[in-house]
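J.: Shown below is the structure under consideration.
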Amino acid sequence: MIFEGETVIHWDHPPRCTSPHALPARSHREEPTWHPPRGDGQARVVRWTCDCDTVFYELRQAGGLRFIRRTTRARNNPSIDESDRRPAGEADAMWVALLHGLVR
Ligand SMILES: [Zn+2]
């Protein structure tokens, strides 16, 4: 119900947003090679971006290596891609670059 004269609350992000949002991709971004998911369901989710957007990302760990998993939500048909698997230090750096729009 809307009452005239009341302050309109502007939801910049929905109130449930508690995770970081990746900044828009920059022109000089690095484009990782994306692969179909390997289906190793045991991969542990280490970090994640907010899932309020069409595309969200997870940093996952499996067997001592880490990778970024990208979920793109299309209507009723999400598509999932995974980056190369790298040692934690390299993958963490790639994750930070992704949050800053330098990897996409
Ligand atoms: Zn959000």
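In the numbering used here, the protein residues as written are 13 to 116.
From the three backbone atoms N, C-alpha and C, an ideal C-beta is built for every residue, glycine too.
1) Are the beta-carbon atoms belonging to E94 and P49 less than 9 Å from one another?
2) To the nearest angstrom, how far is it from the Cα of V108 to the Cα of I92?
3) Pull up the distance between the alpha-carbon of R87 and that of R72, whole angstroms please.
4) Roughly how many whole angstroms lie between the Cα atoms of P99 and A34?
5) Comparing C-alpha positions only, which one of D65, L114 and L110 sits nearest to T84?
T.: In short:
1) Indexing the sequence shown from 1 puts residue 94 at position 82. Indexing the sequence shown from 1 puts residue 49 at position 37. Closer than 9 Å, so yes.
2) In the sequence shown, counting from the first residue as 1, residue 108 sits at position 96. In the sequence shown, counting from the first residue as 1, residue 92 sits at position 80. C-alpha separation (whole angstroms): 20 Å.
3) Within the sequence shown, the letter at position 75 stands for residue 87. Within the sequence shown, the letter at position 60 stands for residue 72. The straight-line gap from Cα to Cα measures roughly 25 Å.
4) Taking the first residue of the sequence shown as position 1, residue 99 is located at position 87. Taking the first residue of the sequence shown as position 1, residue 34 is located at position 22. Roughly 22 Å separates the two Cα atoms.
5) By 1-based counting over the sequence shown, the position of residue 84 is 72. For the residues D65, L114 and L110, the minimum Cα distance to T84 belongs to D65.
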